[in-house]
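Asks:
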Amino acid sequence: MIGTIVPHIRIYYIYIVVIIGCLAATQCTYAQQNQAAEKPNVKVTGGFIEDSLYIGKPIRFYLTAHYPEALDIVFPDSAYDYKPFEYDSKRYVPTSTEDGISYDSVIYSISTFEIDRQQYLSLPVFQLLNKDTVTYRSAQDTILVTQLVNFKVDTIAIDKLPMRASTAYHDVPGQFNYPVFIAAMAALLVIIAVVWFVFGKKIRRHFRIRNMVAAHRKFQESYARELTALQNAFSSVSTEAALAHWKLYMEQLEARPYTKLTTREARNFFQDDRLIKNLQTIDGAIYGHTANVIEPLESLKAVADQRFHSKLQEIKHG
């Protein structure tokens, strides 16, 4: 009885194993199909823009990506390892999207110090997922190094190397220290601002007084020369020039329109009978009525001196 049951059990066991194997194969095939269906269509291209390079000089490498708009795609930055090249900079081209497909492009500026005749580079783009990334890499591109030396240094004996010994002194100019210069200028500007805030009023007063004294001294010297010339030989033209000189100085000193007023208009403006009388006497000399102008011109000089000292005290104690 037992002998007849055992073969049937073995057959059932074989059936079960076969069924489990078929289910596993079906599940694996289904997972592969789903994975293939879910894999997005991302196309990455890249290559050197120049056809050759010099060691140490930057060249450009472009990297482009076509991908569905919904994907989150990022390009390598300065932290990426570009060996055998070194990263210098990059320039983005704005993303363009059409019919749900986005296009991104970046141009990298890179350089190398390797001396291999041919050098290769392939760059990736990364699709960001929740907790993972998917890498899509461009095809590898090749660039040639332009050789400026037509011999291999490693194969030449030391005594035959093209070297030249020199013990002459070579003056190497020092590098300008811009950070220290900028810091010093900033400190100087701060000091100037503080000094101006604290002593600005006194400084302005000092320079105003100095300019007033210089202008008055200049007026006295030139006015004295004009009076001397009139004492030696009277001239209505010289008299008019001296009067105009006095009016111009007084206008600058008191900021009042001396040069724009006639003697008649000045009577109502200044309310100074002595001053008006002197101006009338000088007008008479100019128009040929009299030649006595020295005394009224000296009186005008005295008025200028008096007004100057009054203005000076006003500024000193203002």
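Counting along the sequence shown from 1, when you hit position 211 you're at 315 in our numbering, and nothing is skipped either side. The beta-carbon is built from N, C-alpha and C at its ideal position, and this holds for glycine as well.
(1) On the premise that I177 lies in contact with F466, defined as a C-beta separation below 8 angstroms, what is that separation, rounded to the nearest angstrom?
(2) For T366, does the count of other Cβ atoms within 10 angstroms reach 16, so buried, or fall short, so exposed?
(3) So the candidates are F230, I296, Q410 and T149; which of them puts its Cα closest to the Cα of P180?
(4) For F323 versus Y353, is the C-beta distance shorter than 8 angstroms?
(5) According to DSSP, simplified to helix, strand and coil, what is D409?
(6) Which residue from L157, E358, I398 and T343 puts its Cα closest to that of I247?
(7) Specify whether the region 232-244 and the region 191-205 touch according to this definition: at least 3 beta carbon pairs, one from each stretch, less than 8 angstroms apart.
(8) CB-CB under 6 angstroms to E190, same chain, minus the five flanking residues each way: which ones, in chain order?
(9) Using a 10 Å radius around the Cβ and a threshold of 16 neighbouring Cβ atoms, would you call Q136 buried or exposed?
(10) What does a CB cutoff of less than 8 angstroms around G107 pick up in its chain, not counting 5 residues either side in sequence?
(11) P228 and D192 - do their beta-carbons sit closer together than 8 angstroms?
(12) For the beta strand (DSSP E) that contains Q222, what are its first and last residues?
(13) Measuring alpha carbon to alpha carbon, tell me which of D387, A272, Y186 and L252 ends up nearest Y224.
(14) Which residue's Cα is closest to the Cα of G150: M289, Y240 and K351?
(15) Check the C-beta distance from P144 over to L167 and give it rounded, since I have them as a contact under 8 angstroms.
(16) Is it the case that the region 324-339 contacts the region 398-409, given that we only count it when at least three CB pairs across the two stretches are under 8 angstroms?
(17) Using three-state DSSP, classify H170 as helix, strand or coil.
(18) Pop quiz: I419 and I307 are said to be a contact at Cβ under 8 angstroms. What is the actual Cβ separation, rounded to whole angstroms?
(19) Which residues in the same chain have their Cβ closer than 6 angstroms to the Cβ of S209, if we skip the five residues on either side of it in sequence?
(20) Alpha carbon to alpha carbon, what distance is there between Q417 and Q279?
(21) For P283, count neighbouring C-beta atoms within 10 Å of its own C-beta (all shown protein chains included) and say buried if the count is 16 or more, exposed if not.
(22) Nearest to P172 by CA position, among R195, Y184 and V148, is which residue?
(23) Under 7 angstroms Cβ to Cβ from Q384, same chain only, skipping five residues before and after it: list those, please.
(24) Below 8 angstroms on the Cβ atoms is my contact criterion, and I expect L404 with N382 to pass it. Report the Cβ-Cβ distance as a whole number of Å.
(25) In three-state DSSP terms, what is L252?
(26) Can you name the residues that DSSP bridges to P228?
(27) In the structure shown, what three-state DSSP assignment does D176 receive?
(28) Return yes when the Cβ of V249 is within less than 8 angstroms of the Cβ of I219, no when it is not.
(29) If we ignore side chains and look at the alpha-carbon of each, how far apart do H349 and M289 end up?
(30) Ignore the nearest five residues each way along the sequence and tell me which others in P188's own chain have a CB closer than 6 angstroms to its CB.
(31) Would you mind stating whether L331 and L379 have Cβ atoms separated by less than 8 angstroms?
(32) Find the nearest neighbour of T343 within the set E355, D387 and R164, judged by alpha-carbon distance.
Replies: This is what the structure holds:
(1) No information on residue 466 is available, as it lies outside the stretch 105 to 422 that the chain covers here.
(2) Around the beta carbon of T366, fewer than 16 other beta carbons sit within 10 angstroms, so the residue counts as exposed.
(3) Out of F230, I296, Q410 and T149, F230 has the C-alpha closest to the C-alpha of P180.
(4) In this structure, Y353 lies closer than 8 angstroms to F323 by Cβ.
(5) Helix at D409.
(6) Of the candidates L157, E358, I398 and T343, the one whose C-alpha sits nearest the C-alpha of I247 is L157.
(7) A contact between stretches requires three or more CB pairs, one per stretch, nearer than 8 angstroms, and the region 232-244 fails this requirement with the region 191-205.
(8) If you ignore the 5 residues before and after E190, its C-beta comes within less than 6 angstroms of the C-beta of S215, all in its own chain and listed in chain order.
(9) Only weak support is given to the placement of Q136: the predicted model assigns it a pLDDT of 44, under 50, and the value that follows is read from those uncertain coordinates. Counting Cβ neighbours within 10 Å, Q136 comes out exposed, since fewer than 16 surround it.
(10) Caution is warranted here: a pLDDT of 48 is assigned to G107, below 50, making its placement in the model unreliable, and the coordinate value is therefore given only provisionally. If you ignore the 5 residues before and after G107, its C-beta comes within less than 8 angstroms of no other C-beta in its own chain.
(11) In this structure, the beta-carbon distance from D192 to P228 does not fall below 8 angstroms.
(12) Unbroken beta strand (DSSP E) run through Q222: Q222 to L225.
(13) Looking at D387, A272, Y186 and L252, the one whose alpha-carbon comes closest to that of Y224 is Y186.
(14) Answer by Cα proximity: Y240.
(15) Actually they do not touch by this definition, with Cβ atoms about 18 angstroms apart.
(16) With the cut-off at 8 angstroms, the region 398-409 and the region 324-339 touch.
(17) Strand, per DSSP.
(18) Contact flag wrong, Cβ pair sits at about 13 angstroms.
(19) Shown here for S209: same chain residues with a beta carbon closer than 6 angstroms to its own, the five before and five after excluded, namely T168 and V197 in chain order.
(20) If you take the alpha carbons of Q279 and Q417, they lie about 54 angstroms apart.
(21) Burial state of P283 is exposed, judged by a 10 Å Cβ sphere holding fewer than 16 other Cβ atoms.
(22) Measuring from the Cα of P172, the nearest candidate turns out to be V148.
(23) In the same chain as Q384, and ignoring 5 residues on each side of it, the C-beta atoms closer than 7 angstroms to its own belong to T367, in chain order.
(24) So it is a contact: roughly 6 angstroms between Cβ atoms.
(25) Residue state, collapsed to three classes: coil.
(26) P228 pairs with R241.
(27) DSSP places D176 in coil when its eight states are reduced to three.
(28) Yes; because the gap between Cβ atoms is below 8 angstroms, this pair is in contact.
(29) Rounded to whole angstroms, the gap between the alpha carbons of H349 and M289 is 46 angstroms.
(30) Within the same chain, Cβ atoms closer than 6 angstroms to the Cβ of P188 are found at T216, E218 and Q223, the five residues on either side in sequence being excluded.
(31) Not in contact: L331 and L379 (Cβ atoms no closer than 8 angstroms).
(32) The shortest C-alpha separation from T343 is found at D387.
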